[in-house]
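First up is the structure itself, then whatever we jot down about it.
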Amino acid sequence: MRTVTRVSWFLLGALFIFSGLIKLNDPVGTAYKLEEYFEVFAADFGSFFLFFKSSARTLSIILCSLEVILGVALLLRWHLRITLWLLFGLLLFFTFLTFYSAAFNKVTDCGCFGDFIKLSPWTSFIKDLFLMALWGIVFFHQRFLRHAFVQGTTGVMVMTFASAIAIGIGVRALGHLPYFDFLPYKVGNDIGKLMKPSEPIRYKYIMEKNGKTQEFTTYPDSTWTYKSMVALNPEAAPKITDFRVWNDEGDYTPELLRGNKLVLVVQNTDKTDRDRYEQINKLFEDAKQSRRNITPLIITSSSPEEFDVFRHNANFAVPFYYADATVLKSIIRSNPGFVLLKDGVVKGKYHYHDIPSIGKVEEKLQ
Numbered sequence: 003m004r005t006v007t008r009v010s011w012f013l014l015g016a017l018f019i020f021s022g023l024i025k026l027n028d029p030v031g032t033a034y035k036l037e038e039y040f041e042v043f044a045a046d047f048g049s050f051f052l053f054f055k056s057s058a059r060t061l062s063i064i065l066c067s068l069e070v071i072l073g074v075a076l077l078l079r080w081h082l083r084i085t086l087w088l089l090f091g092l093l094l095f096f097t098f099l100t101f102y103s104a105a106f107n108k109v110t111d112c113g114c115f116g117d118f119i120k121l122s123p124w125t126s127f128i129k130d131l132f133l134m135a136l137w138g139i140v141f142f143h144q145r146f147l148r149h150a151f152v153q154g155t156t157g158v159m160v161m162t163f164a165s166a167i168a169i170g171i172g173v174r175a176l177g178h179l180p181y182f183d184f185l186p187y188k189v190g191n192d193i194g195k196l197m198k199p200s201e202p203i204r205y206k207y208i209m210e211k212n213g214k215t216q217e218f219t220t221y222p223d224s225t226w227t228y229k230s231m232v233a234l235n236p237e238a239a240p241k242i243t244d245f246r247v248w249n250d251e252g253d254y255t256p257e258l259l260r261g262n263k264l265v266l267v268v269q270n271t272d273k274t275d276r277d278r279y280e281q282i283n284k285l286f287e288d289a290k291q292s293r294r295n296i297t298p299l300i301i302t303s304s305s306p307e308e309f310d311v312f313r314h315n316a317n318f319a320v321p322f323y324y325a326d327a328t329v330l331k332s333i334i335r336s337n338p339g340f341v342l343l344k345d346g347v348v349k350g351k352y353h354y355h356d357i358p359s360i361g362k363v364e365e366k367l368q
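In this note's numbering, the protein residues as written are 3 to 368.
See the structure below:
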């Protein structure tokens with residue numbers, strides 16, 4: 003049992019650290035997921051939960067950092083019993099969320115490992131039950147983990163350092179862009195190519211006749227009754243299925259994916275940072291004069307009325323188009339934020355805290 007306990011102890015601590023770091027890589031994405039939960043809870047249990055939406059980013063940093071901090075504390079066996087009880091509280095919270103999502107089909111992706119690993123609701127719930135089992139083994143066999151690697155003043159110093167690192171990673175990502183981008187619109191990806199299947203999709207057809215069910219790889223004759231069809235190579239399906247940009251004149255998507263485009267993404271005018279208007283306008287003007295034939299433009303999910311007021315206040319004198327709000331949140335974790343495209347390939351992404359010079363933009367297009 004000693005070996006089982008120590009393996010469980012290591013796995014539990016390592017998984018908590020891994021989960022926390024993955025989410026700290028993209029705290030804005032985690033905040034979006036929290037907002038989704040708050041909206042669901044508000045609809046099911048009362049509008050009180052909407053109060054937390056405005057604090058989603060702060061809660062994201064706190065929860066994700068706590069995962070890392072408690073994982074480190076567990077591996078160092080620092081105040082082991084207290085650490086285990088705190089881990090139990092966090093596990094109970096996560097298990098409730100994943101069960102609620104799975105049982106009532108409320109949130110289809112819990113965001114347990116950010117966008118790095120996508121888990122279905124029931125898989126997420128089973129994962130939390132597994133962690134609960136590891137916790138139970140460690141908690142009821144603590145006698146095999148008596149030796150603490152740090153304690154006293156040294157322990158406080160080490161845990162303070164670990165806490166500062168964890169929080170610092172999240173705060174840095176919150177004020178810039180994720181360290182690692184796991185979304186379909188990451189730098190280097192060809193949006194147009196990802197909107198198409200990588201190879202023809204093959205299906206199997208589930209058919210029924212005379213009470214007998216049978217599978218076919220080609221559609222059978224009309225004597226069979228169709229029940230369902232399943233893709234045989236789902237990995238070949240398009241990775242981007244909801245990307246579309248338009249204005250009053252119609253679909254602009256094909257044109258957006260041609261030539262050099264400098265796109266300012268304004269997800270929502272109500273929450274857009276307004277401290278960088280001068281820098282943004284300067285980059286727009288420089289782009290218009292660039293020899294690289296760069297077309298500056300804006301894409302937003304705000305209503306025409308809201309955006310019209312916003313662009314006049316900001317003096318943005320470039321064409322603007324519309325897109326779905328969820329798509330824009332996936333494109334860039336910054337509001338506003340710049341995306342540089344060359345024939346549909348993402349060449350650069352810039353947080354509003356890191357607006358580049360035109361020279362840096364042109365370098366990306368070489």
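Cβ atoms here follow ideal geometry from the backbone N, Cα and C, with glycine treated the same way.
Computed from a prediction, not measured in an experiment: that's the story for all the values here.
- Per DSSP, reduced to three states, the secondary structure at GLY172 is helical.
- For ASP356, the CB contacts under 8 Å within the same chain, skipping 5 residues up- and downstream, are HIS178, LEU179 in chain order.
- Between the segment 277-291 and the segment 236-250, the count of C-beta pairs closer than 8 Å stays below three; the two stretches do not touch.
- Between the segment 83-98 and the segment 138-146, the count of C-beta pairs closer than 8 Å reaches three or more; the two stretches touch.
- Proximity to GLY73 across PHE12, PHE95, PHE286, THR100 peaks at PHE12, based on C-alpha coordinates.
- A direct Cα-Cα distance of roughly 14 Å separates PHE101 from LEU133.
- For PHE322, the pairing in a beta bridge is given by DSSP as ILE300.
- If one requires a minimum length of 3 residues, the beta strand (DSSP E) runs lying completely within the segment 244-281 are 262-268, in chain order.
- Collapsing the DSSP output to three states places GLY339 in a strand.
- For THR328, the enclosing alpha helix (DSSP H) starts and ends at 327-333.
- Between the segment 292-299 and the segment 257-265 there are three or more C-beta pairs closer than 8 Å, enough to call the two in contact.
- Looking only at ASP28, LYS55, ALA33, THR274, the smallest Cα-Cα distance to GLU41 is reached by LYS55.
- Between PHE182 and the set ARG79, LYS195, LEU23, LYS344, the nearest pair of CA atoms involves LEU23.
- Excluding sequence positions up to five before and after SER230, its CB lies within less than 7 Å of the CB of ILE208, all in the same chain and listed in chain order.
- PHE163 counts as exposed, since fewer than 16 other C-beta atoms from the protein chains shown sit within 10 angstroms of its C-beta.
- By the CB criterion at 9 Å, LEU26 and ALA175 fall inside the cutoff.
- If only uninterrupted beta strand (DSSP E) runs of at least 3 residues are considered, none is enclosed by the segment 115-195.
- Just so you know, the alpha carbons of LEU94 and ALA168 end up roughly 22 Å apart.
- Between the alpha carbons of ARG293 and LEU343 lies a gap of roughly 16 Å.
- Selection LEU14, SER122, ARG148, ILE128 evaluated against TRP80 yields ARG148 as nearest (Cα-Cα).
- With respect to GLY194, ASP288 sits apart: the two C-beta atoms are not nearer than 9 Å.
- PHE90 and TYR254 have their C-alpha atoms spaced approximately 51 Å apart.
- For the set ILE171, THR155, ALA58, THR215, the Cα lying nearest the Cα of ILE19 is the one of ILE171.
- Rounded to whole angstroms, the gap between the alpha carbons of LEU266 and LYS349 is 14 Å.
- As computed with DSSP, ILE208 is found in a beta bridge with GLU217, SER230.
- Contact between TYR187 and SER332 holds: their C-beta atoms lie close to 6 Å from each other, under 8 Å.
- Annotated three-state conformation of GLY346 is coil, per DSSP.
- ALA150 sits close to LEU82, with the two beta carbons spaced by under 9 Å.
- Across the structure, CYS66 and SER224 are spaced so that their CA atoms are roughly 55 Å apart.
- Per DSSP, the beta bridge partners of HIS353 are GLY339.
- In the DSSP assignment, LYS25 falls within the alpha helix (DSSP H) that extends over 4-26.
- For PHE101, the uninterrupted alpha helix (DSSP H) run begins and ends at 82-106, by DSSP.
- Collapsing the DSSP output to three states places GLN368 in coil.
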